[in-house]
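Notes to accompany the following structure.
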Amino acid sequence: MGQQSDARASVTCAVVAQKGGVGKTTTLLGIAGAAWERGLKVLVVDLDPQANATAALDPASIHYTTNDVLADARPGIAADAIVASGWGLGVELVPSERALEHRAVPEGRDSTLRLRIALEGVVDQYDLVLVDCPPSLGELTRNALAAVRLALVVTEPSFFALPGAAAALEAIEVVRGSNNLVLRAAGVVVNRSRPKTTEHAFRLTELQAAYPGLVLPFTIPERTAVQQAQGACVPVQAWHSAGAADAADVYDVLLDVILARGAETVADLGLSSTTTFSTGTDT
Ligand SMILES: Nc1ncnc2c1ncn2[C@@H]1O[C@H](COP(=O)(O)OP(=O)(O)OP(=O)(O)O)[C@@H](O)[C@H]1O
Ligand SMILES: [Mg+2]
388 MGQQSDARAS
398 VTCAVVAQKG
408 GVGKTTTLLG
418 IAGAAWERGL
428 KVLVVDLDPQ
438 ANATAALDPA
448 SIHYTTNDVL
458 ADARPGIAAD
468 AIVASGWGLG
478 VELVPSERAL
488 EHRAVPEGRD
498 STLRLRIALE
508 GVVDQYDLVL
518 VDCPPSLGEL
528 TRNALAAVRL
538 ALVVTEPSFF
548 ALPGAAAALE
558 AIEVVRGSNN
568 LVLRAAGVVV
578 NRSRPKTTEH
588 AFRLTELQAA
598 YPGLVLPFTI
608 PERTAVQQAQ
618 GACVPVQAWH
628 SAGAADAADV
638 YDVLLDVILA
648 RGAETVADLG
658 LSSTTTFSTG
668 TDT
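This is how it looks when you write it as C-alpha cells:
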C-alpha cells in the first residue's frame with residue numbers, strides 16, 4: 388500500500404531527548420547534511436513548535452506545517468506540506484510553526500498515531516526520514532516515536548545525562564509496547580563533548596556503564612563551526628574549516644550507524660525493505 392514505482396528502503400529516525408538544548412536539532416541537521424553529501428534523498432519532519440530545524444533548512448516558501456498535518460491526519464496528507472529546503476536538491480522538509488503547540492496535548496483516542504497516518508505512502512519516497520522532536524517526551528514526541536522505526540537519543544556529558552537518557556529510553560519502550568513494535572533505539576549519542584575535561588570523561592563512562600551497547604562508541608565534538616553553519620543555513624559539511632571537518636566526520640559515522648541499524652530492524656522483523664507503515668497492522 389502507498390507504494391510507488393520509486394519506493395525506497397527508507398530508514399526513519401526520530402531524534403529525541405527530554406532535556407532542552409542538548410543538541411537534538413543540531414545532530415539531526417548534521418545527519419541530514421551527511422546524507423545530503425552522499426546524494427541521499429532526505430525528508431526532515433520538524434515536530435518542534437520552536438521550528439529550529441525549519442529555520443536552519445531555510446525553505447523558500449511554506450504552505451502547510453506539521454500543525455496542519457497533525458490537525459488533518461488523513462493518510463498521506465503530509466505530502467501536501469513538503470517543501471524544498473534551502474540546502475538544495477535532495478533535502479526536503481515538512482516545516483513547523485509555533486502554532487504546533489496546540490497539538491502538544493492528546494486529543495482523543497489514538498491521537499499519537501496522527502503523524503504515522505499522515506506519512507503513509509510518503510516515507511517510502513525517501514532514503515532517510517528524520518523527525519526533530521521538542522524537548523519533552525509528551526504528545527508530539529510520542530507521535531514521532533509512533534511514526535518511525537529508530538529513535539536516536541541525544542545527551543550531553545553532564546550530571547543530567549544519565550536520568551535524561553533513562554527517561555528517553557523508557558519513552559521509546561512505552562511507545563514500542565503500545566503502538567509501534569518495530570521501534571528500536573538507534574543508540575545514545577553524546578554531543579558537545581570535550582573529552583579532555585575529567586567531568587566529561589566521567590559522565591561518558593557513567594553512561595557507558597549504565598547502557599553498554601547503546602551508548603555509541605564515539606562522541607560529537609563541540610565546534611564553533613557547527614553554530615556558524617547553522618547561522619548561515621547551510622550544512623556543516625559545506626562549511627570549510629577544520630572544526631567543520633571534525634564535526635562532519637562524526638556525523639558521517641553517525642549516519643552509517645543509523646543506516647545500518649535501520650537495515651537491521653527491517654531484516655530482524657522479517658519485513659520487506661519497502662514495507663510501508665499502515666495504521667495498527669504492521670506494528
Ligand atoms: N556539537 C556542537 N558544537 C557546537 N555547538 C553546538 C553543538 N551541538 C549543539 N550546539 C549548539 O547548542 C545550542 C543548542 O543546540 P540545539 O538547538 O541543537 O539543541 P536542541 O536539543 O535541539 O534544543 P531544543 O531542546 O530547544 O530543541 C545551539 O545553539 C547549537 O548551535
Ligand atoms: Mg531542537
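If you number the sequence shown the way the working numbering does, the last residue is 670 and the count never jumps. From the three backbone atoms N, C-alpha and C, an ideal C-beta is built for every residue, glycine too.
Helix, strand or coil for arginine 579 per DSSP?
In the structure shown, arginine 579 falls within a strand segment according to DSSP collapsed to helix, strand and coil.
Using alpha carbons as the reference points, say which of Glu557, Phe547 and Pro544 lies closest to alanine 538.
The shortest Cα separation from alanine 538 among Glu557, Phe547 and Pro544 belongs to Glu557.
Could you pull the start and end residues of the beta strand (DSSP E) that valine 433 belongs to?
Position check: residue 433 holds aspartate in this sequence, whereas valine was assumed. Taken as a continuous stretch (DSSP letters only), the beta strand (DSSP E) holding aspartate 433 covers 429 to 433.
Presumed contact (8 Å Cβ cut-off) between arginine 610 and alanine 588, rounded CB distance
Contact doesn't hold; Cβ gap of about 18 Å is too wide.
Residue closest to proline 608, alpha-carbon to alpha-carbon, out of Leu502, Thr584, Arg536 and Thr399
Looking at the Cα atoms, Thr584 is the closest of the given residues.
Rounded to whole angstroms, how far is the Cβ of leucine 524 from the Cβ of alanine 555, which I believe are closer than 8 Å?
Indeed, because the Cβ distance is near 7 Å, the residues count as touching under 8 Å.
Keeping to the same chain, check which residues put their C-beta closer than 7 Å to that of histidine 489; ignore five residues upstream and five downstream.
Correct list, in chain order: Asn454.
Enumerate in chain order the residues of its own chain whose CB-to-CB distance from valine 541 is below 7 Å, with the five nearest sequence positions on each side excluded.
Excluding residues within five positions, the ones whose Cβ falls inside 7 Å are Val402, Ala404, Val409, Gly410, Lys411, Thr414, Val576 and Asn578.
Contact test: asparagine 530 Cβ vs ligand 2 heavy atom, cutoff 7 Å
No.
Quick one, are the C-beta atoms of leucine 603 and glycine 574 less than 8 Å apart?
Annotated as proximal: leucine 603 and glycine 574, with beta-carbon spacing under 8 Å.
Counting Cβ pairs closer than 8 Å, one from the region 468 to 486 and one from the region 419 to 437, do we hit at least three?
A contact exists between the region 468 to 486 and the region 419 to 437.
When the Cα atoms are used, what is the spatial distance from valine 562 to arginine 529?
Distance between the alpha carbons of valine 562 and arginine 529: 7 Å.
Flag leucine 487 as yes if its beta-carbon sits less than 8 Å from any beta-carbon of chain C, otherwise no.
Annotation note: the requested chain C is absent from the structure, which comprises a single protein chain.
So glycine 473 and aspartate 514 are in contact, right, with Cβ under 8 Å, and what is the actual spacing, rounded?
About 20 Å separates the beta carbons of glycine 473 and aspartate 514, which is beyond the 8 Å limit, so they are not a contact pair.
Do you know offhand how far alanine 466's Cα is from glutamine 624's?
Between the alpha carbons of alanine 466 and glutamine 624 lies a distance of about 27 Å.
Report all residues from its chain with a CB closer than 7 Å to the CB of glycine 667; omit the five preceding and five following residues, and keep chain order.
Confidence is the limiting factor: at glycine 667 the pLDDT is only 37, short of 50, which leaves the residue's position unreliable, though a coordinate-based value still follows. Around glycine 667: no qualifying Cβ.
To the nearest angstrom, report how far apart asparagine 439 and valine 644 are at their CA atoms.
Computed Cα separation, rounded: 24 Å.
Check each residue's C-beta against every heavy atom of ligand 2 and list, in chain order, those closer than 5 Å.
A distance filter of 5 Å between CB atoms and the heavy atoms of ligand 2 selects the following residues in sequence order: Lys411, Thr412 and Asn439.
Assuming alanine 534 and arginine 503 form a contact by the criterion Cβ under 8 Å, report the distance between their Cβ atoms to the nearest whole angstrom.
That belief holds up - the Cβ atoms of alanine 534 and arginine 503 are roughly 4 Å apart, short of 8 Å.
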